[in-house]
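Quick note on numbering: full-length UniProt numbering labels position 190 of the sequence shown as 190, and the sequence is numbered without any gaps.
Below is one structure, written out as structure tokens; the observations come after it.
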Amino acid sequence: MDTKIGNILPGGYCNSLTEYSRWLTREVAIGDVPLGGTNPIRIQSMTTVDTMDTIGSVEQTIRMVDAGCEYVRITAPSIKEAYNLAEIKKELRKRGYNVPLVADIHFTPNAAEVAARIVEKVRINPGNYADKKKFDQLHYTEAAYKAELERIYTKFAPLVKICKEYGTAMRIGTNHGSLSDRIMSHYGDTPEGMVESAMEFIRICEDLKYYDLVISMKSSNPQVMVRAYRLLVEKMVDEGMNYPLHLGVTEAGDGEDGRIKSAVGIGTLLEDGLGDTVRVSLTEEPEFEAPVAIAMVNRYTKRQQEAARQKAESNPILPAAIQPVIRPYVSAETNAFIGGSLVPRVVIDISRTTLKDPTILTDVGYKYDWMLDKYHMGEQSVDFVYLADKLPSFNMPGNLKQLYDYPTWKTLTNKANIHPVYTLHEFIEADLKDSGLNMVRISYADLTTSEFEALPIDRTIVFLLETNALHGMADQRLFFSTLSELGLNNPVIICRHYPAEEFSATPGDLMDPEEPLSKLQLYAATDMGALLVDGMGSGIWIDSPATPIDKLVSASFGILQATRSRISKTEYISCPSCGRTLFDLQETTQMIRSRTNHLKGLKIGIMGCIVNGPGEMADADYGYVGAGPDKITLYRGKEVVKRNVPSANALDELIEIIREDGRWIDPE
């Protein structure tokens, strides 16, 4: 076995926290598209039609391949579907498509053993391959737990031997939502439990001298997902393993929410050089998933090439090493408005608008009522607007804080609710400062300058953290780490600039990830989300001159929602559909969204079948799960409230349950 495990920092989870460096994993052959090693990060997705519909499966697979999929996964819920994979593969080959196929297995080892003789890869879920999930609390002695592992070995070994014989690869795919009762009872509902669930199966494979493995740690919660993958890498390195990683946020949802949530989880790991294949799980047609994944992955291909070029040309001195695991950055509160335990704030630049009409503030969440001469706030009303040196010709809302560049701010007579933005040099030299809140532009590089040494630190300072670095997230993360080491805890607003020449809005399909708006969502969610999931940042400022202001506001609050930093709207944990799905997920999700999207802070799970339903919805307040043709089971958390409700009545019944719990609010 190749035990080369790259340059993972001792006790860490990646090669470097200061520059982009991809973790070198072992290569695994999957048909004629190898994975891991020095191969490109691969793209995959999953069909949604019934596996017994051979032509439908083939035609959907072709659309996915044409959209950029390099592997296509197909569900095999029973032996008959497993056998039909041969017909699907035969028809694809006849049409000239040699894409490797992956059989998705849950609950049915016998189907896996059939499929492993047909397709290039099988995916098994440790939570339900040899175990069950009934939400039972189990208790084991050490001997009893060992006996359970021996039982799993006996049940799993036949599949491993078939895979070895046929040259079939295997993904051991842990899902946070389907951890077995055995794992839950022993390790709890934790990332540690997710990792151990996979490691048990990996150790069996290694004992049987089988190494063609790919590993995943999926969750609908990006924080859990990121933590689990990092722990997995640490654990594998400790045991001399370097298996390729399949990245994905499961049940991400649709539209902007699905893209942002996926980018927060997947992008955070890609930033640290982790990941060998990516699947974006959207509640949309599967051919829409690959382009989103490609847009994320391409960023790192370009970054790796650019970093290598810059290193060859300049051989720069790298920043000082930092601790492999970043200590949480705990900020103080400033003026009881930002930092500390308060939710992160949102800053939006409105200086490029025509500041003559109060209705322009509608885009930042303040709707002006001409009749009453007042503003109405929404759940996504921003906290700060930046006006640079432009003065509005109308009165601003009393609860909207305004930011001006220092030279303009100091000329204002009335400074109520108005605060200055300084350069580092301006703040040091300033003869006038705000008594409550002063924004100071700064970068990581500034921390080693004489100007920073001369900075008079006090509780009124809020840092506006900017970066021009190629690997900007790591550069900004270094800032937080260094600030902690210096013993400073001023609030920090993460600011990222997206230039107009790259993100200029053009007419086109906004579902296309290469369109500027979609690309902005993916990039900003990665750049800022990767810091927010680790607790860094008291606010965010997406600066994109070419992007409509209302879209910047929506993306900002979407990123905070995806990182669980600030909840401003209903969250839908919606699966991407597959051949097991018992209703039209896209149509149903939109129907549920249309009647419940005003319920701020509520999490609703929408699951097409029972595979991950109750478990993945453990994080949700309510669940809507396909139980059979035209039948829906409704959940309150993990608890079944109503079974087999006719689909025509199910949404009304769900709303009634929410109403009974006192959590329903009539829409305006």
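Ideal placement from N, C-alpha and C gives every residue a C-beta, glycine not left out.
Predicted, not measured: the structure shown is a model, and the values here were computed from it.
For SER481, the secondary structure class from DSSP, reduced to helix, strand or coil, is helix. Looking at the backbone, the Cα of GLN60 and that of SER647 are separated by about 27 Å.
The residue among SER556, LYS90, THR268 and ALA143 with its C-alpha nearest the C-alpha of ASP363 is SER556. The beta carbon of ILE457 is closer than 8 Å to those of LEU488 and ASN490 in its chain, skipping five residues each way along the sequence.
Residue state for ASN98 is assigned as coil, using DSSP reduced to three classes. Distance from the CA of TYR622 to the CA of MET591, rounded to the nearest whole angstrom, comes to 15 Å. Close CB contacts of GLU306 within its chain, under the 7 Å cut and outside five residues either way in sequence, are with LEU470 (chain order). Annotation: the region 176-221 contains the following complete segments of the beta strand (DSSP E) (minimum length 3 residues), in chain order: 213-218. With distances taken between CA atoms, ARG171 lies nearest to VAL214 out of VAL214, TYR444 and GLU200.
MET225 and GLY267 have their alpha carbons spaced roughly 12 Å apart. When C-alpha distances from PHE107 are compared across LEU602, TYR13 and PRO126, the shortest belongs to PRO126. Within the same chain, Cβ atoms closer than 7 Å to the Cβ of VAL640 are found at THR633, the five residues on either side in sequence being excluded. With a cutoff of 7 Å on beta-carbon distance, ALA29 and ILE79 are scored as not near each other. Taking all protein chains in view, the Cβ of ILE204 is crowded by 16 or more other Cβ atoms within 10 Å, so the residue is classified as buried.
Just so you know, the alpha carbons of SER331 and SER57 end up roughly 52 Å apart.
For HIS376, the closest of TYR366, LEU400 and ASN438 by C-alpha to C-alpha distance is TYR366. Per the DSSP secondary-structure output, PHE156 pairs with nothing in a beta bridge.
Pairing TYR404 with ASP349 gives a Cβ-Cβ distance that is not under 7 Å. Secondary structure note for LEU651: its alpha helix (DSSP H) is the uninterrupted segment 647-660. A straight-line Cα-Cα distance of about 19 Å links SER538 and LEU424. VAL249 and TYR444 have their C-alpha atoms some 30 Å from each other. When VAL280, GLU165 and LEU159 are compared, the shortest CA-CA separation from PHE201 is found for LEU159. Under DSSP, SER262 shares a beta bridge with no residue.
For ALA169, same chain residues with a beta-carbon under 6 Å away, outside a window of 5 residues either side, are VAL28, ILE30, LYS121 and ASP212 in chain order. Fully enclosed alpha helix (DSSP H) runs of no fewer than 4 residues occupy 549-562 of the region 529-564, in order along the chain.
For ARG93, the secondary structure class from DSSP, reduced to helix, strand or coil, is helix.
If only complete runs of 3 or more residues are kept, the region 364-433 shows the beta strand (DSSP E) at 366-369, 374-377, 384-388, 401-405 and 418-422, in order along the chain. Taking each of ALA430, GLU19, CYS578 and CYS14 in turn and checking the Cα distance to VAL72, the smallest one comes out for CYS578. With respect to the C-alpha of ALA524, the residue from THR563, LYS302 and GLU239 having the closest C-alpha is THR563.
In the DSSP annotation of this structure, ASN438 is not part of any alpha helix (DSSP H); the continuous beta strand (DSSP E) holding it starts and ends at 438-442. The beta carbons of ILE559 and VAL264 sit about 7 Å from each other, so the pair counts as a contact at 8 Å. Under the three-state reduction of DSSP, ASP104 is assigned to strand. Residue pairing by DSSP leaves PHE288 without any beta bridge partner.
By the neighbour-count criterion, in which 16 or more other beta carbons inside 10 Å mark a residue as buried, PRO548 falls on the exposed side.
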